[in-house]
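Heads up: the structure comes next, in structure tokens.
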Amino acid sequence: MSSQSKNPANNHPLLFRYVSHYTSVRGTLKLFEYEAKKILADKGVKIPRGVLVAKGEDPIAKAKEAGLEPPVVVKAQVLVAGRGKAGGIKMAKTWEEVAKYAEELFNKPIKGIVPKLLLIEEAIPHEVELYAAIVIDRSARKPVILASQYGGMDIEEISKEKPESIIRQHVDPFIGLKGYQARLIGKKIGLKGKALASFSKFLTALYEAFTEYDAELAESNPLALVGDEVIPLDARMIVDDNALYRHPELAKERFEESGEYTEWEIKARKMGLAFVELDGDVGIIGNGAGLTMTTMDLVYEYGGKPANFLDIGGGASAELVKTAVSFLMEYPKAKKVFINIFGGITRGDEVARGIVKALQELGQLPKPIVIRLAGTKAEEGRKILEEAGIEAYTDPIEAVKRVIEL
Amino acid sequence: MAVLLDENARVIVQGITGREGSFHTKLMLEYGTKIVAGVTPGKGGMEVHGVPVYDTMKEAVEAHPEANTSIIFVPARFAPDAVYEAVDAGMKLVVVITEHIPVHETMKFVNYAKQKGTVIIGPNCPGIITPGVAKVGIMPGSTFTPGPVGIVSRSGTLTYEIGYALTKAGIGQSTVIGIGGDPIVGLTFTEVMEYFEKDPQTKALVLIGEIGGDMEERAAKMIEEGKFTKPVVAFIAGRTAPPGKRMGHAGAIIMMGTGTYQGKVEALRKAGVKVAETPFQIPDLVKEVL
Chain U
1 MSSQSKNPAN NHPLLFRYVS HYTSVRGTLK LFEYEAKKIL ADKGVKIPRG
51 VLVAKGEDPI AKAKEAGLEP PVVVKAQVLV AGRGKAGGIK MAKTWEEVAK
101 YAEELFNKPI KGIVPKLLLI EEAIPHEVEL YAAIVIDRSA RKPVILASQY
151 GGMDIEEISK EKPESIIRQH VDPFIGLKGY QARLIGKKIG LKGKALASFS
201 KFLTALYEAF TEYDAELAES NPLALVGDEV IPLDARMIVD DNALYRHPEL
251 AKERFEESGE YTEWEIKARK MGLAFVELDG DVGIIGNGAG LTMTTMDLVY
301 EYGGKPANFL DIGGGASAEL VKTAVSFLME YPKAKKVFIN IFGGITRGDE
351 VARGIVKALQ ELGQLPKPIV IRLAGTKAEE GRKILEEAGI EAYTDPIEAV
401 KRVIEL
Chain R
407 MAVLLDENAR VIVQGITGRE GSFHTKLMLE YGTKIVAGVT PGKGGMEVHG
457 VPVYDTMKEA VEAHPEANTS IIFVPARFAP DAVYEAVDAG MKLVVVITEH
507 IPVHETMKFV NYAKQKGTVI IGPNCPGIIT PGVAKVGIMP GSTFTPGPVG
557 IVSRSGTLTY EIGYALTKAG IGQSTVIGIG GDPIVGLTFT EVMEYFEKDP
607 QTKALVLIGE IGGDMEERAA KMIEEGKFTK PVVAFIAGRT APPGKRMGHA
657 GAIIMMGTGT YQGKVEALRK AGVKVAETPF QIPDLVKEVL
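Residue numbers (the working numbering), protein chains in the order written: chain U, 1 to 406; chain R, 407 to 696.
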């Protein structure tokens, strides 16, 4: 977060565009390229022949075993965006280059993340690169297919430079993607004959993968046109983590590998806390994304700087509150802590009990803490806090002013 | 008068025997909401705070044919089933409190309910309250008071905060609706605004938005086009939120140019909406337009 502006978000209008409602509260689960490709292959899509190599394994032996011959593509399996531009994909023309690039990629962090696996794939000569994706259109409340004949580049670039080339087609979630719709999209991006059939088959498989895996995004870019056949050279999927109970095979923790989280964010997630690290010194706990964000905004408004976003959500137990308070007591950026709770499904007495528990376990609070309680069971909560010698405010402005002057 | 929820509401609580279901049934009853039945599969025959419990919606509706509204406290895995059950039992309004429902499920039941003419509020929402008349939700009732201002919000707790600020300033509310925080919800800003436009009690609207998506921009467009004619005061949460984690390239394209705090505020101001810098300026701004 930049410190030049009072409203740092304003410094990042482009980045900010991607913020979805719940990115700060609820994560999404990205699949590795090799996982997304395997899912597509299981649905009958032809994918480049390839082999996974782990660190310590002999890349040449593994590639030969898989029947590969240079030229091959050596690809770091990382979840960070912009992998290609960051040098995570190498074309190896000889076996020597395979060994060299494998060594290089295993030791080269891409946006801070060192890959644990490399994917070595046959190089596929092609002239045309297409783009195909399926996402959820929030406004239409339906899945939407996006396709363009200008694959390879970022979709933002395509939409900037050739917006008319992006074909959009909504899908009825009950009926699913019909073959004729896939063919119409194929026609619109300039395909015909067998290539049209191949594209339509690919899109159908992509849609099946999208629904079966509760995806928020299923994408192939570039989708190469090789003769009359489409072959996904890359594939990405983002799965809705609210649906992970239906996909236990995906439910291993992988947020550490995404490169999007700081050390303290990873720590917090492991404790079940929705936490985002910021650059100020006022630790913040709120209930609900809207109120927690507004609490940050208020701290700014009154001259302070939030050290974090921490949303305890709806109906938090005393145990969760205790965990959250103890966590901020340890989190070094927070020099003081502001807890702002307006109870609905969250009960003030539970919150108070959690704070008191944290206090008892720590012996004393190592940092000053300001609490504002309102709403459901706030009276009871304030009583519990008072008995433990902690002052609680009703008025949020008084509380913010107090925390800033501390 | 009010929107969507008035004195004729007869409510069934789905998931009434759970911790939250039972706790909020008590609070809703105390507020004066007419709860006629509860449903929890396998718990038929019980009573919760004097409310008879049935195994199925069908049985509940047969015993209480006047029921027209349901509220769902069922855990996420089973909540979609509860929504279909409520729609098929003929409920006119279904409030889905449950959070963490997979978005693919929500996408389906929202489309289904629309086809059947059932209004869904939520999921992941605080519900709806018509102050002094009834509440079907989890908001603290004492925060709100009857009056001329409608509130529509994407946030739960922030709605209580702003409702409380209005109430303290002596400004009451006609109906308050928390539409929910999920990417896909049953009722959007513009759909709620259509109801408020027609409601004679509502003289002004407070719109509480957040970063992400484009519902605020769509509301602004509706106002600009003259389809919503009452004065609007807005607050958008997340002015200082950091650039978030990406939704993926394809997700970004649908929202091209929309979703930022700045974009939302500009769109609303251009449409003549007064946008508050903090929630606590809202009462003064509302007084100016009333």
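Where is the CB? At the ideal position from N, CA and C, for every residue including glycine.
Just so you know, these numbers come straight off a predicted model, no measurement behind them.
U:Tyr245 places its beta carbon less than 8 Å from that of R:Arg483. Close to chain U, meaning a Cβ-Cβ distance shorter than 9 Å, are the following residues of the region 619 to 637 of chain R: Gly619, Asp620, Met621 and Arg624. Between R:Ile617 and R:Ser561, the C-beta spacing is not below 8 Å.
In terms of Cβ geometry, R:Met621 and R:Leu611 do not form a close pair [threshold 8 Å].
Judged by beta-carbon spacing, R:Ala492 lies beyond the 8 Å limit of R:Ala469, meaning their Cβ atoms are not closer than that value. Close to U:Ile39, with beta-carbon spacing below 7 Å, lies no residue of chain R; the smallest spacing is near 16 Å.
U:Ser220 is bridged by DSSP to U:Ala132. U:Pro332 counts as exposed, since fewer than 16 other C-beta atoms from the protein chains shown sit within 10 angstroms of its C-beta. In the DSSP assignment, the residues bridged to U:Pro306 are U:Val282. For R:Glu436, the enclosing alpha helix (DSSP H) covers residues Arg425 to Tyr437. In the DSSP assignment, R:Leu691 falls within the unbroken alpha helix (DSSP H) covering Ile688 to Val695.
Bounds of the alpha helix (DSSP H) holding U:Ala378 are Ala378 to Glu387. In the structure shown, the three-state DSSP call for R:Lys636 is coil. Using beta-carbon distances, R:Gly421 does not count as an interface residue toward chain U, since no partner is under 8 Å. DSSP, read as helix, strand or coil, puts U:Gly288 in coil. DSSP, reduced to helix, strand and coil, places R:His510 within a helical segment of the structure shown. Straight through space, the alpha carbons of U:Lys85 and R:Phe602 are spaced by roughly 50 Å.
In its chain, beyond the 5 residues on either side, Met463, Lys464 and Val467 have a beta carbon closer than 7 Å to the beta carbon of R:Ala495. With respect to chain R, the C-beta atom of U:Met153 has no partner C-beta closer than 8 Å. About 6 Å separates the beta carbons of U:Ala92 and U:Pro71, which is inside the 8 Å limit, making them a contact pair.
Taking C-beta atoms as the reference points, R:Glu505 and U:Leu291 fail to come closer than 8 Å.
U:Gly193 and U:Val230 have their C-alpha atoms spaced approximately 12 Å apart.
Any Cβ of chain R closer than 8 Å to the Cβ of U:Asn287 would place that residue at the interface, and such an atom is present. For the options R:Val419, R:Gly448 and R:Gly556, the alpha carbon positioned closest to that of R:Gly456 is the one of R:Val419.
By the Cβ criterion, the region 271 to 284 of chain U is not in contact with the region 505 to 515 of chain R, since fewer than three pairs of Cβ atoms, one from each stretch, lie closer than 8 Å.
For R:Met434, no chain U residue has a Cβ inside 8 Å of its Cβ, as the nearest lies near 12 Å away. Listed along chain R are Met513 and Asn517, each with a C-beta nearer than 8 Å to that of U:Lys142. Taken in chain order, the complete beta strand (DSSP E) segments of 3 or more residues contained in the region 311 to 353 of chain U are 336 to 343.
Listed by position along chain R, the residues whose Cβ is nearer than 7 Å to that of U:Leu298 are Thr684.
Neighbours of R:Thr439 across chain U, judged by C-beta separation under 9 Å, do not exist; the nearest C-beta is about 15 Å away. Within its own chain, the residues whose Cβ lies closer than 6 Å to the Cβ of U:Leu217, once the five positions on either side in sequence are excluded, are Val135 and Ile238, listed in chain order.
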